[in-house]
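Asker: Here it is: the structure, laid out below.
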Amino acid sequence: MIEAIMIGAGNRGIGAYGSYVIEHPNELAFVGVADPDNERRHYFQTEHKIKDDMVFHDAEEVYSKGKLADAVFICTQDRQHIHHVLKAMDLGYHVFLEKPMAVDPHDILKIQKKAIATKTILVVAHVLRYSPFFNTIKNVLDEGHLGKIMVINHEENVGFYHQAHSYVRGNWRNSSIASPMILAKSCHDMDIISYLLDDTPKRLSSFGTRSHFKRETMDGVPNYCLDGCPHQETCLYFAPKVYLNAGDWMKFPVSNDLSDQAILKALEKGPYGRCVYRSDNDVVDHQVVSIEFDHETTVNFSMSAFSNKITRHIHIMGTNGELWGDMNEDHLTIKPFGKDAFYVNIPEGKGGHGGGDHGAVKRFIEACHQRIDVNHDLEIAVQGHLLAFAAEKSRVSGETVDFKHFVKELSWYLDMQNKKNQKISSI
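What follows is the structure, given as structure tokens:
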């Protein structure tokens, strides 16, 4: 039995990972929780029957007591990850780390180095990689059905309502308080591309902007939907209409109390009640990335807010055939050249992200039991993150980025900082 402490009892901590433990109580137990929100902390404590002396207002209380369990799950906001993961590794915890690993590329390499040096089992919650959908695709590629992979076209359809909820009104709306969209949302996809190909990127370019969710799109509207919006009958994003009819995953960030009365109260002046054309969001609502890999595979990735469904589409072209997949469907279509097309069924996955949420936790448990080695998993996760940072650099600068040179510059800077810190500490 693995014992763990939850750092951050929010949507992901409670719904994505806590739910796995409820369903599999003999594999992992949450014996502690730290969260500043009294209601969420109490809810998590009750759900997992945690003793009072293992319930903490913040993570610093946990760290001050030394090592209290085998592992920690770090599910805080993006910019807090670096502090928590380094602290946890110093204390000897194994770590399940919500993505992104960090919001600075130097910190990504710092985390990787520390994990290797301390022999920490570190699993990054790139949950798509552990979903039956992408595991099945990986098996098809590894079995050689398509021959050498030449082109991957990969689409992330965010969904118009999901974009408005999470990336216009929500915690990931602004890169200065969270991270750029390519990192906050699409580091999943950079990871999947790296996982499927297991190859090193050569160069890449990216384009994208915030085209729709901005002031210029809509004149004569108030800052908050409930302040007398003249378009409330027709607007797709009128907050009361959206949240009173939403699922719990959308209501939960708005208010701990999910009653209609509490939701409406929270929308009056809260961030989720803001007009989507009057928020302080700055992240892109559409972006493309083109990547060339060492073995000459080219990848075209597209992220768009402007879709009805939340899903991912993938089209892979190899020297012997093609593959098509939609994450919302239960099969892949494979068409070998000169032969009939056939379907490959995808096993049903439990939990969010097509079964990937629970799959990631299971992977972590297996690693903690020394059944599998996750060092290569971490290498791929690091590459996926650095791809996202390189793509953002290209998008902002308008230049093609040499990936190896980009990583080399990061490593040089990190080495210089380490030498500087060592020199200071020796004085």
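Quick note, my numbering runs 89 ahead of the 1-based positions in the sequence shown.
Note that CB positions come from ideal geometry on N, CA and C, so glycine has one too.
Mind checking which residues open and close the alpha helix (DSSP H) that includes Asp-415?
Answerer: Your numbering for residue 415 matches position 326 in the sequence shown. Run containing Asp-415: none in the alpha helix (DSSP H); it sits in the beta strand (DSSP E), 410-415.
Asker: Return helix, strand or coil for Ser-295, following the three-state DSSP convention.
Answerer: As a first step, residue 295 must be located in the sequence shown, where it is residue number 206. Strand at Ser-295.
Asker: Note down, in chain order, each residue of its chain lying with its Cβ closer than 8 Å to the Cβ of Ala-158, except the 5 sequence neighbours on either side.
Answerer: Here residue 158 refers to the residue found at position 69 when the sequence shown is read from its first residue. Closer than 8 Å at Cβ, skipping near neighbours: Glu-92, Ala-93, Ile-94, Val-120, Gly-121, Tyr-182.
Asker: Excluding the five sequence neighbours on either side, which residues of its own chain have a C-beta within less than 8 Å of the C-beta of Glu-385, listed in chain order?
Answerer: For the purposes of this step, residue 385 is taken as residue 296 along the sequence shown, with counting starting at 1. So the list reads Met-239, once near-sequence residues are dropped.
Asker: In angstroms, rounded to a whole number, what distance separates the CA positions of Gly-104 and Lys-428?
Answerer: Position 15 of the sequence shown, counted from the start, is the residue given in the question as residue 104. Position 339 of the sequence shown, counted from the start, is the residue given in the question as residue 428. Between Gly-104 and Lys-428, the C-alpha separation is close to 44 Å.
Asker: Look at the Cβ atom of His-404, then the Cβ atom of Ser-393, and state whether they are nearer than 9 Å.
Answerer: Here residue 404 corresponds to residue number 315 of the sequence shown, with the count starting at 1. Here residue 393 corresponds to residue number 304 of the sequence shown, with the count starting at 1. No, Cβ-Cβ distance for His-404 and Ser-393 is not below 9 Å.
Asker: Please specify which runs of the alpha helix (DSSP H), each continuous and at least 4 residues long, are wholly inside the region 157-235, giving them in chain order.
Answerer: If we require 4 residues or more, the alpha helix (DSSP H) runs fully inside the region 157-235 come out as 170-179, 194-207, 221-231.
Asker: From this set, Phe-478, Ser-153, Thr-408, Asn-464, which residue's C-alpha is nearest Lys-424's C-alpha?
Answerer: Position 335 of the sequence shown holds residue 424. The candidate whose alpha carbon is nearest that of Lys-424 is Thr-408.
Asker: Please list the terminal residues of the continuous beta strand (DSSP E) segment that includes Met-392.
Answerer: Here residue 392 is taken as the residue at index 303 of the sequence shown, counted from 1. Met-392 -> beta strand (DSSP E) spans 387-393.
Asker: Taking the C-alpha atoms as reference points, what is the distance between Phe-395 and Asn-246?
Answerer: Sequence index remark: in the sequence shown, residue 395 carries index 306 (1-based). Sequence index remark: in the sequence shown, residue 246 carries index 157 (1-based). Cα to Cα, the separation comes out at about 7 Å.
Asker: For Arg-304, which residues in the same chain have their Cβ closer than 7 Å to its Cβ, ignoring the five residues on either side in sequence?
Answerer: On the sequence shown, residue 304 is found 215 positions in, with the first residue counted as 1. Cβ within range, chain order: Tyr-366, Arg-367.
Asker: Going along the chain, which unbroken runs of the alpha helix (DSSP H) with 4 or more residues stay wholly within the region 280-368?
Answerer: Whole alpha helix (DSSP H) segments, 4+ residues: 328-333, 337-340, 349-358.
Asker: When you compare only the Cα positions, how much space is there between His-170 and Ile-163?
Answerer: In the sequence shown, counting from the first residue as 1, residue 170 sits at position 81. In the sequence shown, counting from the first residue as 1, residue 163 sits at position 74. Cα to Cα, His-170 sits roughly 7 Å from Ile-163.
Asker: Which runs of the beta strand (DSSP E) fall wholly inside the region 419-488 and span at least 3 residues, in chain order?
Answerer: Segments of the beta strand (DSSP E) lying fully in the region 419-488: 420-425, 431-434.
Asker: Taking a contact to mean a Cβ-Cβ separation below 9 Å, would you say Ala-206 touches Val-184 in this structure?
Answerer: If you number the sequence shown from 1, residue 206 lands on position 117. If you number the sequence shown from 1, residue 184 lands on position 95. Taking 9 Å as the Cβ cut-off, Ala-206 and Val-184 do not qualify as a contacting pair.
Asker: Can you tell me whether Ile-111 is helix, strand or coil according to DSSP?
Answerer: Counting from one through the sequence shown, the residue named residue 111 turns up at place 22. DSSP places Ile-111 in helix when its eight states are reduced to three.
Asker: Would you report the Cα separation of Ala-355 and Ile-197, rounded to the nearest angstrom?
Answerer: Stepping through the sequence shown from its first residue, residue 355 is reached at position 266. Stepping through the sequence shown from its first residue, residue 197 is reached at position 108. The straight-line gap from Cα to Cα measures roughly 36 Å.
Asker: Taking the straight line between their C-alpha atoms, what separation do you get for Tyr-152 and Lys-176?
Answerer: Taking the sequence shown and counting its residues from 1, one reaches residue 152 at position 63. Taking the sequence shown and counting its residues from 1, one reaches residue 176 at position 87. Each residue's alpha carbon lies about 7 Å from the other.
Asker: Of all the options Gly-487, Ala-148, Ala-191, which has the alpha carbon lying nearest to the alpha carbon of Leu-272?
Answerer: Against the sequence shown, residue 272 aligns to sequence position 183. That would be Ala-191, whose Cα lies nearest to the Cα of Leu-272.
Asker: Touching or not, the region 307-321 and the region 251-263, by the rule of three or more beta carbon pairs under 8 Å?
Answerer: No, they do not touch.
Asker: Use the C-beta contact count for Lys-208: other C-beta atoms within 10 angstroms, 16 or more gives buried, fewer gives exposed.
Answerer: The residue given as residue 208 occupies position 119 in the sequence shown. Lys-208 should be labelled exposed.
Asker: Can you give me the Cβ contacts of Ser-283 inside the same chain, cut-off strictly under 6 Å, excluding the 5 residues immediately before and after it?
Answerer: Here residue 283 is taken as the residue at index 194 of the sequence shown, counted from 1. Excluding positions up to five away in sequence, the list reads Ile-469, Gln-472, Gly-473.
Asker: Suppose you measure from the CA of His-211 to the CA of Glu-322; what does that come to, to the nearest Å?
Answerer: As a position in the sequence shown, residue 211 is number 122, starting the count at 1. As a position in the sequence shown, residue 322 is number 233, starting the count at 1. One point to set straight first is that residue 211 is Leu, not His, in the sequence displayed. If you take the alpha carbons of Leu-211 and Glu-322, they lie about 49 Å apart.
Asker: Would you check if the distance between the CB atom of Val-110 and the CB atom of Ala-123 is smaller than 9 Å?
Answerer: Residue 110 sits at position 21 when you count from the first residue of the sequence shown. Residue 123 sits at position 34 when you count from the first residue of the sequence shown. No, they are not a contact pair.
Asker: According to DSSP, which residues form a beta bridge with Ser-379?
Answerer: Residue mapping note: residue 379 aligns to position 290 of the sequence shown, counting from 1. Ser-379 pairs with Ser-294, Asn-389.
Asker: Nearest by alpha-carbon distance to Asn-263: which of Val-372, Leu-476, Ile-96 is it?
Answerer: The residue given as residue 263 occupies position 174 in the sequence shown. The candidate whose alpha carbon is nearest that of Asn-263 is Val-372.
Asker: In its own chain, which residues sit with a C-beta less than 7 Å from the C-beta of Gly-99, not counting the 5 before and 5 after it?
Answerer: What you label residue 99 is simply residue 10 of the sequence shown in a count that begins at 1. Cβ within range, chain order: Arg-129, Cys-164.
Asker: Taking its Cβ as the centre, do 16 or more other Cβ atoms sit within 10 Å of Tyr-518, making it buried, or is it exposed?
Answerer: Since the displayed the chain opens at 90 and closes at 516, residue 518 lies outside it and no answer follows.
Asker: On a CA-only basis, which of Glu-488, Leu-499, Lys-482 is nearest Met-270? Give me that one, please.
Answerer: Position 181 of the sequence shown, counted from the first residue, corresponds to residue 270. Met-270 has its Cα closest to that of Lys-482, out of Glu-488, Leu-499, Lys-482.
Asker: Between the region 346-355 and the region 281-299, do at least 3 Cβ pairs fall closer than 8 Å?
Answerer: These segments do not touch.
Asker: Less than 9 Å between the beta carbons of Ile-380 and Lys-237, yes or no?
Answerer: Along the sequence shown, read from residue 1 onward, the residue named residue 380 stands at position 291. Along the sequence shown, read from residue 1 onward, the residue named residue 237 stands at position 148. Going by C-beta atoms, Ile-380 is not nearer than 9 Å to Lys-237.
Asker: By alpha-carbon positions, which one of Glu-136, Asn-224, His-131 ends up nearest to Pro-114?
Answerer: Here residue 114 corresponds to residue number 25 of the sequence shown, with the count starting at 1. Closest option to Pro-114, Cα to Cα, is Glu-136.
Asker: In whole angstroms, what separates the C-alpha of Ala-148 from that of Lys-138?
Answerer: Here residue 148 refers to the residue found at position 59 when the sequence shown is read from its first residue. Here residue 138 refers to the residue found at position 49 when the sequence shown is read from its first residue. The alpha-carbon atoms of Ala-148 and Lys-138 are separated by roughly 19 Å.
Asker: Does the distance from the CB of Tyr-219 to the CB of Ala-479 come in under 9 Å?
Answerer: Numbered from 1 along the sequence shown, position 130 holds the residue referred to as residue 219. Numbered from 1 along the sequence shown, position 390 holds the residue referred to as residue 479. Cβ atoms of Tyr-219 and Ala-479: not closer than 9 Å.
Asker: Rounded to whole angstroms, what is the Cα-Cα separation between Ser-268 and Lys-330?
Answerer: Numbered from its first residue, the sequence shown carries residue 268 at position 179. Numbered from its first residue, the sequence shown carries residue 330 at position 241. Computed Cα separation, rounded: 28 Å.
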